[in-house]
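Undergrad: So for the sequence shown, numbering that gives the first Met the number 0 puts the first residue at 0; every next one is plus one.
Before I ask anything, here is the structure I am working with.
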Amino acid sequence: MPPRPNTKPGTADDIKAAVLAAKSARDTAVAAAEKEFWQRMGELSKSYHGAQQDVADAMGRKRDYVYKNVRKYTA
0 MPPRPNTKPG TADDIKAAVL AAKSARDTAV AAAEKEFWQR MGELSKSYHG AQQDVADAMG
60 RKRDYVYKNV RKYTA
């Protein structure tokens with residue numbers, strides 16, 4: 000690898016700060032999407048008797064998985 004070009008001091012720190020800010024924004028967006036998704040699954044699970052099992056089957060998961068995540072994100 001060729002050596003780094005001469006850059007002003009602090010450039011690497013600026014990049015690290017920008018990466019951390021972008022990562023934080025991504026994590027926040029992912030958490031919000033997860034919450035919205037599980038809230039919607041909770042609504043669908045209460046549609047009719049047996050809907051929770053139908054939601055779990057559609058997701059390819061166990062009913063308990065759906066139940067626990069709905070409780071986690073709606074409580």
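Glycine included, C-beta positions come from ideal geometry on N, C-alpha and C.
Would you grab the beta carbon distance between A55 and Y47 for me? Rounded to a whole angstrom, and I think it's under 8 Å.
TA: For this step, residue 55 is matched to residue 56 along the sequence shown. For this step, residue 47 is matched to residue 48 along the sequence shown. That pair is no contact at about 14 Å.
Undergrad: Taking the continuous alpha helix (DSSP H) assigned at Y64, which residues delimit it?
TA: Position 65 of the sequence shown holds residue 64. Taken as a continuous stretch (DSSP letters only), the alpha helix (DSSP H) holding Y64 covers R62 to T73.
Undergrad: Starting from the C-beta of Q52, find all residues in its chain whose C-beta is less than 8 Å away, skip the five residues before and the five after it, and write them out in chain order.
TA: Position 53 of the sequence shown, counted from the start, is the residue given in the question as residue 52. Closer than 8 Å at the Cβ level, and outside the excluded window around Q52, lie R62.
Undergrad: According to DSSP, is G9 helix, strand or coil?
TA: Here residue 9 corresponds to residue number 10 of the sequence shown, with the count starting at 1. Coil.
Undergrad: What is the DSSP secondary structure of G49, reduced to helix, strand or coil?
TA: To locate residue 49, count along the sequence shown from 1; it is residue 50. Here G49 sits in coil by DSSP.
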